[in-house]
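Worksheet for the structure shown next.
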Amino acid sequence: MSEFTATPASDEALTRACSILKDGGLVAFPTETVYGLGADATNSNAVAGIFKAKGRPDYNPLICHVPDLAAAEKLGIFDDKARKYAAAFWPGALTLVVKKQPDCPVASEVSAGLETIAIRVPDHRLAQSLLRMVQRPLAAPSANRSGAVSPTKAEHVIESLGQKVNLVLDGGACEVGLESTVLAVDDSPAVLLRPGGITLSMLRDIDPGIQVAKAEQPKLLKSPGMLESHYAPGLPVRMDIDTPSPDEAWLAFGPDAKTDGVKAINLSPSGNLEEAASNLFSYLREMDRSEFSAIAVAPIPEEGIGRAINDRLKRASAPGSTPLTG
Ligand code: AMP
Ligand code: MG
Numbered sequence: 193m194s195e196f197t198a199t200p201a202s203d204e205a206l207t208r209a210c211s212i213l214k215d216g217g218l219v220a221f222p223t224e225t226v227y228g229l230g231a232d233a234t235n236s237n238a239v240a241g242i243f244k245a246k247g248r249p250d251y252n253p254l255i256c257h258v259p260d261l262a263a264a265e266k267l268g269i270f271d272d273k274a275r276k277y278a279a280a281f282w283p284g285a286l287t288l289v290v291k292k293q294p295d296c297p298v299a300s301e302v303s304a305g306l307e308t309i310a311i312r313v314p315d316h317r318l319a320q321s322l323l324r325m326v327q328r329p330l331a332a333p334s335a336n337r338s339g340a341v342s343p344t345k346a347e348h349v350i351e352s353l354g355q356k357v358n359l360v361l362d363g364g365a366c367e368v369g370l371e372s373t374v375l376a377v378d379d380s381p382a383v384l385l386r387p388g389g390i391t392l393s394m395l396r397d398i399d400p401g402i403q404v405a406k407a408e409q410p411k412l413l414k415s416p417g418m419l420e421s422h423y424a425p426g427l428p429v430r431m432d433i434d435t436p437s438p439d440e441a442w443l444a445f446g447p448d449a450k451t452d453g454v455k456a457i458n459l460s461p462s463g464n465l466e467e468a469a470s471n472l473f474s475y476l477r478e479m480d481r482s483e484f485s486a487i488a489v490a491p492i493p494e495e496g497i498g499r500a501i502n503d504r505l506k507r508a509s510a511p512g513s514t515p516l517t518g
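The C-terminal position of the sequence shown is numbered 518 in my numbering, with every residue numbered one higher than the one before it.
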């Protein structure tokens, strides 16, 4: 049997992807955040295929991807505030959780039975072409086994899901490299459910009153997926480490990192947080090898996209993080 490989992006590949999706199949495609595992969001069976391929618990809802705000408004109810976020950040790495339209065509499994729906307009040429061609909303979580590190390159999708996907569209490495920011605007005040590429301070320029969801404030916990350990490589992850032990792999950060005699990669030698974010998942995978006892990560400044990096690292290092690569 020939080995399953990613398909380089071309008009022909897009046409194939489109017909697979219309037939209820699964297509992995690149976005600017991470690779998504896409299915026709209006087809319950296709959506069930996503949960099955990922091993994702059915209470963890999916994000719907659409090409623009007009398409988003067919699925969800956008008030003035929601439209303001969309105008400022779409297309882009922001997912908005809004109330569903009464006649929303999306299968109820996508929202895991909630009255809200998470929607995003990706800023990626291939994702946009696919969405415009298929003319249906695509449910698309990250294209990896549930709980594992998200894929930022087509080969990561193949490693994690292999033949469970009908087609993997290869569009090279993802620019942002972390999953989207998730903001619930179905209620007032808006609540940040997951930090990401669109930072809290960018969002607070629009509304300084945004709250941040915390596990200890169940009222703000609108996102069923939030409590889970997530983004975990097979090895234990230790945070805020300046001096790793000899048997550890080290993810260093910034110009002052001393990597002599240590097995290390620097997330950003110049100390640029955007660069560190785009390298994070790919370097975690690279260091996730049995010759090491753990992955130690240097302190990452808690500012800008650094908050999202630390959020993912915290979940990767949480006790009970399940090594679910494969
Ligand atoms: P993923 O697709 O793996 O990047 O994860 C999507 C994230 O969005 C998860 O944390 C979900 O729990 C969250 N999410 C999706 N739909 C909703 C919704 N309707 N309400 C709240 N959170 C949601
Ligand atoms: Mg995910």
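All C-beta atoms, glycine included, are put in the ideal place defined by N, C-alpha and C.
Note that this is a predicted model, so its numbers are computed, not measured.
(message) Do L443 and Y423 count as a contact pair if the criterion is CB distance below 8 Å?
(response) No, the Cβ-Cβ distance between Y423 and L443 is not below 8 Å.
(request) Check whether the Cβ atoms of E224 and D315 lie closer than 8 Å to each other. (result) yes
(request) Flag this pair as touching only if the stretch 267 to 282 and the stretch 344 to 357 have three or more C-beta atom pairs under 8 Å; answer yes or no. (result) no
(request) Just list the beta strand (DSSP E) runs in the stretch 398 to 478, keeping only unbroken ones of 3 residues or longer that don't cross its boundaries, in chain order. (result) 441 to 444 and 455 to 458
(request) Could you tell me if T344 is buried or exposed, where buried requires 16 or more neighbouring beta carbons within 10 angstroms of its beta carbon? (result) buried
(request) Compute the beta-carbon to beta-carbon distance between A332 and G230, rounded to the nearest angstrom, for a pair I have assumed lies under 8 Å. (result) 4 Å
(message) For the beta strand (DSSP E) containing T287, name the first residue and the last one.
(response) Unbroken beta strand (DSSP E) run through T287: L286 to K292.
(request) Count the other CB atoms, across all protein chains shown, that sit within 10 Å of the CB of A310; report buried if there are 16 or more and exposed otherwise. (result) Its Cβ being crowded by 16 or more others within 10 Å, A310 is buried.
(request) Compare the C-alpha of D378 against each of I402, L392 and A365 and name the closest. (result) I402
(request) Excluding the 5 residues preceding and the 5 following L395 in the sequence, name in chain order all residues of the same chain whose CB lies nearer than 6 Å to its CB. (result) I402
(request) Please say whether T391 and T287 have beta carbons closer to each other than 8 Å? (result) In this structure, T287 keeps its C-beta atom at 8 Å or more from the C-beta atom of T391.
(message) Residues in the same chain with beta-carbon distance under 7 Å from L323, minus the five sequence neighbours each way, listed in chain order, please.
(response) H257, V258, P259 and L330
(message) Taking 7 Å as the cut-off, is the beta-carbon of L306 closer than that to any non-hydrogen atom of the ligand PLP?
(response) Among the ligands present in this structure, namely the ligand AMP and the ligand MG, the ligand PLP is not found.
(message) Considering Cα atoms alone, identify which of G228, D272 and S509 is closest to L254.
(response) G228
(request) Check S179 in the structure and name its three-state DSSP category. (result) With the chain running from 193 to 518 in the structure shown, residue 179 is simply not present.
(request) Sort S334, A441 and A490 by Cα distance to D521 and report the nearest one. (result) Outside the shown range of the chain, which is 193 to 518, sits residue 521, and nothing can be said about it.
(message) Just checking P333 against the ligand MG - is the residue's beta carbon closer than 7 Å to any of the ligand's heavy atoms?
(response) Because some heavy atom of the ligand MG lies under 7 Å away, the Cβ of P333 counts as near it: yes.
(request) Note the first and the last residue of the continuous alpha helix (DSSP H) segment covering R504. (result) It spans G498 to S509 - the alpha helix (DSSP H) in which R504 sits, taken as one unbroken run.
(request) With DSSP collapsed to three states, give me the class of C210. (result) helix
(request) Assign K411 to one of two classes, buried (16 or more other C-beta atoms within 10 Å of its C-beta) or exposed (fewer than that). (result) Because K411 sits at a pLDDT of 48, beneath the cut-off of 50, its placement in the model cannot be relied upon, and the following sentence gives the value as read from the coordinates. K411 comes out exposed.
(request) Identify the continuous beta strand (DSSP E) that holds G230 and give its terminal residues. (result) G228 to D232
(message) Quick check: does the Cβ of E466 come within less than 7 Å of any heavy atom belonging to the ligand MG?
(response) no
(request) Mind reading off the beta-carbon distance from P222 to L361? Whole number of angstroms is fine, and I expect it under 8 Å. (result) 7 Å
(message) Using a Cβ-based criterion (distance less than 7 Å to any ligand heavy atom), does E351 qualify as near the ligand MG?
(response) no
(message) If you follow the beta strand (DSSP E) that A220 is in, where does it begin and where does it stop?
(response) First-last of the beta strand (DSSP E) with A220: V219 to F221.
(request) Give the secondary structure of H257 by DSSP, where H, G and I count as helix, E and B as strand, and everything else as coil. (result) strand
(request) Please go through the same chain and pick out, in chain order, the residues whose beta-carbon is closer than 7 Å to the beta-carbon of E367, but skip the five residues on each side of it. (result) E224 and S470
(request) Could you tell me the boundaries of the beta strand (DSSP E) in which T361 lies? (result) The residue you asked about is not Thr; residue 361 is Leu in the sequence shown. In this chain, the beta strand (DSSP E) harbouring L361 covers L359 to D362.
(request) Run the proximity test for E371: is its beta-carbon closer than 7 Å to any non-hydrogen atom belonging to the ligand MG? (result) yes
(request) Let me know the beta strand (DSSP E) ranges lying completely inside the stretch 295 to 345, each 3 residues or longer, listed in chain order. (result) Listed in chain order, they are 308 to 312.
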